[in-house]
Structures are given as C-alpha cells and as structure tokens.
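Here the UniProt record's numbering is used: the first residue of the sequence shown is 290, the next is one more, and so on. Note that CB positions come from ideal geometry on N, CA and C, so glycine has one too. From a predicted model like this one, the values you see are computed outputs, not experimental measurements. Have a look at the structure below before the remarks.
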Amino acid sequence: EAVGPQEYTALKLKVKEWAPEAGEQIKGKVPEGANVYFVPATLRPETMYGQTCCFVGPKIKYGVFKVSDKEFYVITDRAARNMAYQGIFPENGVYEKVAELLGSACVGTLVNAPLSIHKEGVRILPMDSVLPTKGTGVVTSVPSDSPDDFATITDLAKKAEYYGIKKEWAELEIVPIISTPSYGNLAAPFLVKKLKISSPKDTKQLEEAKELAYKEGYYQGTLVIGEFAGEKVEVAKPKVRQQLIDAGEGFAYSE
Ligand code: A2H
Numbered sequence: 290e291a292v293g294p295q296e297y298t299a300l301k302l303k304v305k306e307w308a309p310e311a312g313e314q315i316k317g318k319v320p321e322g323a324n325v326y327f328v329p330a331t332l333r334p335e336t337m338y339g340q341t342c343c344f345v346g347p348k349i350k351y352g353v354f355k356v357s358d359k360e361f362y363v364i365t366d367r368a369a370r371n372m373a374y375q376g377i378f379p380e381n382g383v384y385e386k387v388a389e390l391l392g393s394a395c396v397g398t399l400v401n402a403p404l405s406i407h408k409e410g411v412r413i414l415p416m417d418s419v420l421p422t423k424g425t426g427v428v429t430s431v432p433s434d435s436p437d438d439f440a441t442i443t444d445l446a447k448k449a450e451y452y453g454i455k456k457e458w459a460e461l462e463i464v465p466i467i468s469t470p471s472y473g474n475l476a477a478p479f480l481v482k483k484l485k486i487s488s489p490k491d492t493k494q495l496e497e498a499k500e501l502a503y504k505e506g507y508y509q510g511t512l513v514i515g516e517f518a519g520e521k522v523e524v525a526k527p528k529v530r531q532q533l534i535d536a537g538e539g540f541a542y543s544e
C-alpha cells in the first residue's frame, strides 16, 4: 500500500451499448442523449493503448452521478464524495446520484476506451478482487502490463459460461505496449507464466509479479506504441496523461 497520496488518472470510458439489465435500471433516470461514462482510476496512463476490457466488482454497488445535463459517471459513492471536493462536479462538496447499479448488472456493457487499439470498444467484465475502497471501484484492464489483469482475463475466458459472459469478450488481442530488458514486451503474461500463476486467486505470487512488472516497466521500460513510441516510460507517462486530460478523455483524481 502506498503511504502518501495517490495521484491517479481517471479515464472516461463512454457507454456505447448497455447490458440489458443495466440499461433497464437507468431508464428514465439519465436523459435521452446524455453520455454515461465508466471511470476507472489508473496509475499507468501510458499503458492505455492496451486496454482490452474494463472491470467492475460484481457485488459492488455503483452510483450514476450527474456531472452536467450531458455527462454522467459510473463510480462508487465513496469516489463521488472525494471527487466532489476536487472540482470534478459543478458545485464543491455536492454530488448528485441519479441511479444505482450493481456491478453484475453492468457486465457485457460495451464502452469506448480512450487510446485503446480496440476502436470497436471493450466490454465491462467482472473481477472479484476489485476493492470498493480504492480509486473509483472501476479498473480498466491492460493484460500486457498488469499481471492481475492478465490472470483475470485468462480465468474469464476459461470459465466464460460460469461467469455468464461471451468468451470473445475476454479474448481481445493483446499487443506489446512497453518493451523491457528483463521481461520482453509483454511483461505481465511473461511474469504470470514464470511465477506459475494459474488463477487470480494466487494472490501471493500475483503480488510479486505486480511488484516486478511495475518496477521494470517504470524504470527500464520503453513505449513501443503510439505518439511517444521510443520514449522511456518515465518520460512518456506524464505526456500521455496530459494528452488524455487535454482531450477531455481523462482527469486528475487523488486520494
Ligand atoms: B492499474 P494502488 Cl498496466 N481495486 O492500472 C483493485 N485494483 C484497483 C482498484 C480497485 N478499486 N482501483 C485501481 N486499481 C488498480 C493499469 C495498471 C495498473 C497496470 C499495471 C499495474 C497497475 C491497468 N489496470 O497497478 O493500490 C489499477 O490498475 C498496479 C498497482 O492505488 C491501478 O493502476 O497503488 C492500481 O490498481 C492502483 O493501485
């Protein structure tokens, strides 16, 4: 756990098509024509090219919060309260919830993930280890560089029926985002294999893989995709973040 304040990048994933249950639940509560966004918080904005899906906790309760007549965010109540004191909603300290959604009802929703190579959109999928007490309770998935994400999508694809999802939702192409001297250009799949991680429940090994991937990616990594390809991660990271913010596709969020 980090000691100081965490500076996240919150990313706006616009809903293109609701899963039937969630669509039913927001009916009449969000104005026709308004945009609704799932808003994951990430520490690795430079990896956003590699998003293949976005996770919610199936048992977590989310709110749909009004930012303006045209914009609504799906996040936890806790995150909305924090955001209300960070100038993200129009009035300081005030946040308006127009609907509630259980994570499980959102599974299958198609969203547009900024910067992702998957322009057709990515799906909202379930992840049991999402903590309701961290970030926004929404976690975008970058399986090339996050061992947790790779272990989870592997499990989802293996047990698609059990999870009530289409297998192909968990099988979008994984392409190299960051090249590293020790783990090649797909650090997370490499480390998951190397540490013999066979399920998202192998929490101890995943903790180790996460630590190794993070250090190597951040200090030794070079981006191999996008506008900043060829630049060191340390250098490119703030640039990608700023670009997302300038494009209105993300914003700073801290806690
Ligand atoms: B990271 P820290 Cl490529 N529950 O984003 C569980 N995990 C959460 C979360 C929650 N409520 N909110 C955010 N996270 C994840 C990208 C990424 C991340 C990569 C590699 C490592 C990595 C894509 N997923 O995180 O405890 C988010 O996943 C490794 C730590 O606040 C976020 O960044 O330090 C990170 O954990 C924040 O974790």
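Restricting to Cα atoms, I'd like to know which of the options is closest to residue i.
i: Gly397; options: Gln494, Thr341 and Phe361; result: Thr341
i: Ser405; options: Pro334, Phe354 and Leu391; result: Pro334
i: Ala402; options: Gly510, Leu302 and Val464; result: Leu302
i: Gly539; options: Glu497, Tyr472, Ile442 and Tyr326; result: Tyr326
i: Pro415; options: Ile315, Ser468 and Pro489; result: Pro489
i: Leu332; options: Thr425, Lys456 and Gly519; result: Thr425
i: Ser471; options: Tyr503, Asp491, Glu457 and Glu460; result: Tyr503
i: Tyr362; options: Ser430, Glu380 and Ala388; result: Ala388
i: Ala330; options: Ile315, Leu300 and Thr365; result: Leu300
i: Glu457; options: Ile413, Leu420, Val529 and Glu500; result: Ile413
i: Gly473; options: Ala498, Gly506, Glu380 and Pro421; result: Gly506
i: Val481; options: Glu496, Lys423 and Thr298; result: Glu496
i: residue 281; options: Gln494, Lys423 and Met337; result: With the chain covering only 290 through 544, there is no way to say anything about residue 281.
i: Ile315; options: Thr365, Leu390, Ile364 and Glu360; result: Leu390
Is residue i near the ligand A2H - that is, is its Cβ less than 7 angstroms away from at least one heavy atom of it?
i: Thr331; result: yes
i: Tyr503; result: yes
i: residue 588; result: What is shown of the chain runs 290 to 544, which leaves residue 588 out entirely.
i: residue 552; result: In this structure the chain extends from 290 to 544, so residue 552 is not present and cannot be described.
i: Lys423; result: yes
i: Gln295; result: yes
i: Thr469; result: no
i: Val419; result: yes
i: Thr336; result: yes
i: Lys348; result: no
i: Asp438; result: yes
i: Lys499; result: yes
i: Ser435; result: yes
i: Gly426; result: yes
Here's the rule: buried if 16 or more other CB atoms are within 10 angstroms of the residue's CB, otherwise exposed. What is residue i?
i: Thr441; result: buried
i: Lys355; result: buried
i: Pro294; result: exposed
i: Asp358; result: exposed
i: Ala541; result: exposed
i: Tyr384; result: buried
i: Ser430; result: buried
i: Tyr374; result: exposed
Touch test, the region 485-496 against the region 514-531, Cβ-Cβ under 8 angstroms, three pairs minimum: Segment contact: the region 485-496 against the region 514-531, fewer than three CB-CB distances shorter than 8 angstroms; contact not assigned.
The region 502-513 touching the region 456-467, judged by at least three CB pairs closer than 8 angstroms: Taking 8 angstroms as the limit for Cβ pairs, the verdict is that the region 456-467 does touch the region 502-513.
At least three beta-carbon pairs within less than 8 angstroms, the region 432-450 to the region 345-354: With a cut-off of 8 angstroms, the region 345-354 and the region 432-450 do not count as touching, because too few Cβ pairs lie within range.
Three CB pairs or more closer than 8 angstroms across the region 444-459 and the region 366-384: Fewer than three beta-carbon pairs drawn from the region 444-459 and the region 366-384 are found closer than 8 angstroms, and the two stretches are therefore not classed as touching.
Validate contact between the region 315-323 and the region 527-538 using beta carbons, cut 8 angstroms, 3 pairs: No, the region 315-323 is not in contact with the region 527-538.
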